[in-house]
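Chemist: Chains as they are written, first to last, in the UniProt record's numbering: chain A, 1 to 336; chain B, 1 to 416.
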Amino acid sequence: MARFIERHPAWALIVIIAVAVLAWLVFAIWPPGLEAAIGRKRVFLNAVLNGITLGGLYFLVASGFTLIFGLMRNVNLAHGSLYLFGGYVGYAISSWTGSWLLSFIIAFIAVALVGVILQLVVFRRMEGQDLRQTMVTIGLSIVFADLMLWVFGGDFYQIQTPSWLIGPIQLPLLTAIKSSGEPVYLQYPLVRLVIFAASVVIGIAMWLALNRTRIGMIVRAGVDDRDILAATGVRIQLVFVLVFALGAGLAGIAGVVGGTFQSLSPGEDTRFLLASLVVVIVGGMGSIPGAALGAVIIGLAEQLGSVYIPTYAIVVTFLIMVLVLALRPQGLLARR
Amino acid sequence: MLKGSLGLIALSSLLLSGTAFAQEKIKVGVTATLEGTYTVLGEDGMRGFQTALNVLGKKIGDKELEFVVASTDATPDSAVRAVRKLIEQDKVQILLSPLSGDEGIAVKNFAKTHPELTFVNAASGAQETTYVDPAPNFFRYNMDGAQWQVGLGKYAYETKGYRKIATVGEDYSFIYTQVFGLVLEFCGAGGQVTNRQWVPLGTKDFASVIAALPDDVDAIYLGLGGADAVNFLNQYQQAGGKAHLMGGSIMIDQTILSSKGNAKNALIGTIAASGQADTWEDPGWQKFVKAYQDAFPPAKRFPSPSLLATNYYGSTMALILALRQVNGDLSNNQAKLKDALAKIEIDAPNGKIKLDSNRQAIGTNFVTEVVDDGKGALFSKVVKVIPNVNQTLGYDPAVFAKIGLPSRTVPECKKY
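#1: Taking Cβ-Cβ distances shorter than 7 Å, what residues in chain B pair up with A/G154?
#2: May I ask which residues mark the beginning and end of the alpha helix (DSSP H) holding B/G363?
#3: Does the stretch 293-309 of chain A come close enough to the stretch 48-64 of chain A that 3 or more CB-CB pairs lie under 8 Å?
#4: With a CB to CB cut of under 8 Å and the five nearest residues on each side skipped, what residues in its chain are close to A/I195?
#5: Residues of chain B with CB under 9 Å from A/S179, in chain order?
#6: Which residues in chain B sit within 9 Å of A/I314, going by Cβ to Cβ distance?
#7: List the residues that DSSP assigns as beta-bridge partners of B/K59.
#8: Considering only C-alpha positions, which residue in the set B/D339, B/K343, B/Q50, B/V209 is nearest to B/I362?
#9: Below 8 Å, can you find three or more Cβ-Cβ pairs linking the stretch 143-153 of chain B to the stretch 273-286 of chain B?
#10: Cβ of A/A20 less than 7 Å from any chain B Cβ?
#11: Have a look at B/G241 and B/G394 and give me their C-alpha separation to the nearest angstrom.
#12: Does DSSP put B/M143 in a helix, a strand or coil?
#13: Let me know the secondary structure DSSP gives A/L277 once reduced to three states.
#14: Can you check whether the C-beta of B/V30 is within less than 7 Å of a C-beta belonging to chain A?
#15: Bridge partners of B/V382, per DSSP?
#16: Does DSSP put B/M251 in a helix, a strand or coil?
#17: Check distances from the C-beta atoms of the stretch 221-242 of chain B to those of chain A and list, in chain order, the residues that come in under 8 Å.
#18: When you compare the CB of A/A254 with every CB in chain B, is at least one pair closer than 7 Å?
#19: Does B/D77 come within less than 7 Å of chain A when only Cβ atoms are used?
#20: Once DSSP output is grouped into helix, strand and coil, what is the label at A/V61?
#21: May I have the straight-line CA-CA distance separating A/A183 from A/P172, to the nearest angstrom?
#22: Quick one: what does DSSP say B/K154 is sitting in, helix, strand or coil?
#23: Counting only Cβ pairs nearer than 9 Å, list the residues of chain B close to A/F108.
#24: Does DSSP classify residue 339 of chain A as helix, strand or coil?
#25: What residues of chain B sit near A/Y157, judged by a beta carbon separation below 7 Å?
#26: Helix or strand or just coil, what does DSSP make of B/K354?
#27: Could you round the C-beta distance between B/T368 and B/L201 to whole angstroms and report it? I think they count as a contact, below 8 Å.
#28: Mapping the DSSP letters down to three states, classify A/V75 as helix, strand or coil.
#29: Within 10 angstroms of its Cβ, does B/T19 collect 16 or more other Cβ (buried), or is it exposed?
#30: If I measure Cβ to Cβ from B/I94 and keep anything under 6 Å in the same chain, skipping five residues before and after, which residues do I get?
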């Protein structure tokens with residue numbers, strides 16, 4: 001931190017001012033002039049919170065994607081299909097048993113198993129052949145999409161939110177003061193907060209597992225140099241299978257999350273594949289903190305865009321990607 | 001010996017029937033949105049189409065209809081691609097296409113490049129398609145989005161007492177047309193439309209849109225369809241929304257009312273207007289509902305046909321009846337068929353339909369209210385039936401032309 005300030009004093013100043021302005025926007029009561037210029041504070045706060053919580057969902061999808069890429073240099077373009085499959089499994093389980101939490105566990109296991117099969121049957125046979133893997137995963141994603149369309153049809157499914165999570169809660173954030181002097185606090189959907197908290201927990205757990213455990217050490221060593229790691233006697237194929245299972249399982253969990261606060265239908269697979277590609281390109285291929293940062297940036301850009309510049313909202317995301325590719329092609333948080 | 005001759009007879013009868021089937025075919029290309037946000041709408045459209053074939057049959061005199069289906073995703077380029085493929089590769093002679101608003105405008109323009117073929121609109125409802133520079137070989141037997149809103153504005157103002165409303169709609173031509181019809185009538189009656197929000201087709205996260213809904217209005221009008229509508233309702237419920245709602249024609253429709261989950265319950269009591277009402281007593285409608293229900297097992301259909309099924313049914317019916325009138329004669333660039341299509345009046349399930357000089361339907365409209373049937377299924381109940389709705393909505397054509405074409409900001413909220 002101190003080193004960053006020393007090396008880039010101008011940037012540091014800009015960042016500090018931006019943070020201060022943001023903090024003021026979030027906590028202060030907006031003067032009427034500002035409300036007239038850019039709309040009510042409630043709308044702004046909601047958009048910011050929505051962006052961050054949507055970022056949580058994007059992070060869940062993209063972290064698995066980036067993990068698999070980081071270790072195996074394998075661009076799994078069937079990742080979106082894993083997301084959608086997880087969602088459908090979650091829907092089936094939650095409508096069958098009525099348990100929302102159970103649907104997460106089963107979706108994780110089922111999709112992780114698909115990941116294991118993919119690694120054993122497909123990727124192991126074409127290790128190191130990027131182009132072949134890419135073509136095969138595109139083909140697989142089309143096959144999966146049609147299989148799921150066959151089984152689940154074109155209908156849209158929604159996973160039932162458990163009753164204790166339905167409805168809004170009051171956050172200790174002031175949005176306005178009524179003329180009677182009574183403060184108005186922000187109402188926000190509880191389920192989004194819970195899901196965001198869960199993705200933060202998962203993110204931290206992944207970071208800890210990668211940086212503080214022996215398995216994590218092996219995985220990191222594998223990211224740096226697979227061949228040397230294999231030469232030291234580590235059963236690298238087993239590590240690959242484990243990482244693939246974990247990455248796929250995370251996509252499965254994300255599918256349940258997405259099915260709960262959005263909906264599942266054919267086409268969602270490519271949408272989330274695209275989202276995770278953008279997130280990972282912005283954050284840096286192979287970096288977990290990068291995926292987190294990229295996810296929040298893209299989530300915020302989508303939501304603030306949809307409120308303040310609705311016509312161009314779709315462009316904003318890709319504009320960010322283009323800027324990052326132009327100025328820092330390896331991604332914001334990637335190592336060179 | 002006996003066995004052998006029996007086999008010979010069987011074989012020869014098979015061959016004979018084979019020659020009987022080898023008759024002339026009329027090839028018809030059909031498109032529906034079987035991908036993307038409007039998948040469910042496309043699927044039910046195809047059910048309506050199938051129901052029409054079950055009821056009317058595929059025979060045209062001594063010829064038989066053959067259908068080729070292509071899928072689109074509600075974007076204009078996907079529709080043109082599908083239609084082009086049907087014409088160039090499958091060599092279809094007649095098109096039954098498309099389903100969605102923007103697709104309709106694109107296919108109408110494309111129809112001009114093939115003046116020798118006949119295009120029957122399947123279900124699309126943008127005003128521009130037949131109002132601006134219509135194609136002489138493009139026929140539309142369903143009303144447009146504005147016609148489908150006739151009656152709603154007055155009912156909201158006079159009976160429900162709503163004075164100020166805001167609208168949320170998908171950002172494309174059909175919803176512009178729907179909001180056009182609503183605003184014209186509601187503001188004409190004295191109401192105010194304070195805010196019009198537009199969201200891209202295929203929006204998944206509506207949380208910010210919901211947060212930006214104004215509080216100081218009597219009702220919020222929703223012009224959404226397919227997956228967008230379900231997502232909106234789900235997130236609206238999670239955000240604890242409680243405003244009065246009003247619905248567009250594909251919002252208050254079986255595609256949404258029979259979606260899974262309980263978010264749709266927010267719609268109970270919502271008023272809407274559309275080219276049909278689920279509980280209409282009319283015997284023709286009831287017969288159609290029965291034919292639809294009999295054609296598919298309950299798990300593979302909605303409890304009652306959606307607006308898309310009804311439109312596809314009506315369009316298919318018009319095409320088959322017109323073809324029968326001319327006995328399948330497609331000579332001279334299908335001139336006889338086009339003539340018959342322009343003149344035909346059909347007894348569609350949702351009321352009598354005839355075409356105006358732009359080959360646009362004049363038909364019946366319905367104001368409805370969503371009710372729970374007591375078993376958890378939602379239906380739209382008839383409140384008012386308005387016959388003979390034309391494209392200029394009863395306005396003098398000169399006055400109507402001054403209002404402008406439906407867009408994000410047109411029409412202004414005033415009395416024209």
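Note that CB positions come from ideal geometry on N, CA and C, so glycine has one too.
Modeler: Straight from the coordinates:
#1: The residue you call residue 154 of chain A lines up with position 154 of the first sequence. Those within 7 Å of A/G154 in chain B are L34, T39, V40, E43.
#2: In the second sequence, residue 363 of chain B corresponds to position 363, counting from 1. From DSSP, B/G363 is part of no alpha helix (DSSP H) but of the beta strand (DSSP E) over 361-372.
#3: yes
#4: In the first sequence, residue 195 of chain A corresponds to position 195, counting from 1. Around A/I195: T53, G56, L57, V257, T260, F261.
#5: Counted from its first residue, the first sequence places residue 179 of chain A at position 179. Under the 9 Å cutoff, chain B gives no residues; its nearest Cβ is about 14 Å from A/S179.
#6: The sequence position of residue 314 of chain A within the first sequence is 314, counting from 1. Here the neighbours are P200.
#7: Counting from one through the second sequence, the residue named residue 59 of chain B turns up at place 59. Answer by DSSP bridge pairing, in chain order: B/E64.
#8: The count along the second sequence starts at 1 and reaches residue 362 of chain B at position 362. Comparing Cα positions, the closest option is B/K343.
#9: yes
#10: Against the first sequence, residue 20 of chain A aligns to sequence position 20. False, the Cβ-Cβ gap to chain B never drops below 7 Å.
#11: The count along the second sequence starts at 1 and reaches residue 241 of chain B at position 241. The count along the second sequence starts at 1 and reaches residue 394 of chain B at position 394. When rounded, the distance between both Cα atoms is 36 Å.
#12: By one-based count along the second sequence, residue 143 of chain B stands at place 143. Of the three classes helix, strand and coil, the one that applies to B/M143 here is coil, per DSSP.
#13: In the first sequence, residue 277 of chain A corresponds to position 277, counting from 1. A/L277: helix per DSSP, three-state reduction.
#14: Taking the second sequence and counting its residues from 1, the one referred to as residue 30 of chain B is at position 30. No, no contact with chain A.
#15: Residue 382 of chain B sits at position 382 when you count from the first residue of the second sequence. Partner(s): B/T368.
#16: Residue 251 of chain B sits at position 251 when you count from the first residue of the second sequence. DSSP places B/M251 in coil when its eight states are reduced to three.
#17: G226, A227, V230, N231, N234, Q235, Q237, Q238, A239, G240
#18: Working through the first sequence from its first residue, we reach residue 254 of chain A at position 254. It does not; no Cβ of chain B falls within 7 Å.
#19: As a working mapping, residue 77 of chain B is identified with position 77 in the second sequence. Taking Cβ atoms only, chain A never reaches closer than 7 Å to B/D77, which makes this a no.
#20: As a first step, residue 61 of chain A must be located in the first sequence, where it is residue number 61. Assigned with DSSP and collapsed to three states, A/V61 falls in helix.
#21: Residue mapping note: residue 183 of chain A aligns to position 183 of the first sequence, counting from 1. Residue mapping note: residue 172 of chain A aligns to position 172 of the first sequence, counting from 1. Per the sequence shown, residue 183 of chain A should be read as Pro rather than Ala. Distance between the alpha carbons of A/P183 and A/P172: 10 Å.
#22: The sequence position of residue 154 of chain B within the second sequence is 154, counting from 1. The answer is helix: DSSP assigns B/K154 an H, G or I state.
#23: What you label residue 108 of chain A is simply residue 108 of the first sequence in a count that begins at 1. Per Cβ cutoff of 9 Å: no residues; A/F108 is ~22 Å from chain B at best.
#24: This structure cannot speak to residue 339 of chain A, because chain A is shown only from 1 to 336.
#25: Counting from one through the first sequence, the residue named residue 157 of chain A turns up at place 157. The CB of A/Y157 comes closer than 7 Å to the CB of K260 in chain B, given here in chain order.
#26: The residue given as residue 354 of chain B occupies position 354 in the second sequence. Looking at B/K354 - three-state DSSP - the assignment turns out to be strand.
#27: In the second sequence, counting from the first residue as 1, residue 368 of chain B sits at position 368. In the second sequence, counting from the first residue as 1, residue 201 of chain B sits at position 201. B/T368 to B/L201, Cβ: 24 Å. No contact.
#28: Position 75 of the first sequence, counted from the start, is the residue given in the question as residue 75 of chain A. The answer is coil: DSSP assigns A/V75 none of H, G, I, E or B.
#29: Counting from one through the second sequence, the residue named residue 19 of chain B turns up at place 19. With a pLDDT of only 46 at B/T19, under 50, the local geometry of the prediction cannot be trusted, and no value is derived from it.
#30: Stepping through the second sequence from its first residue, residue 94 of chain B is reached at position 94. The residues are V28, T118.
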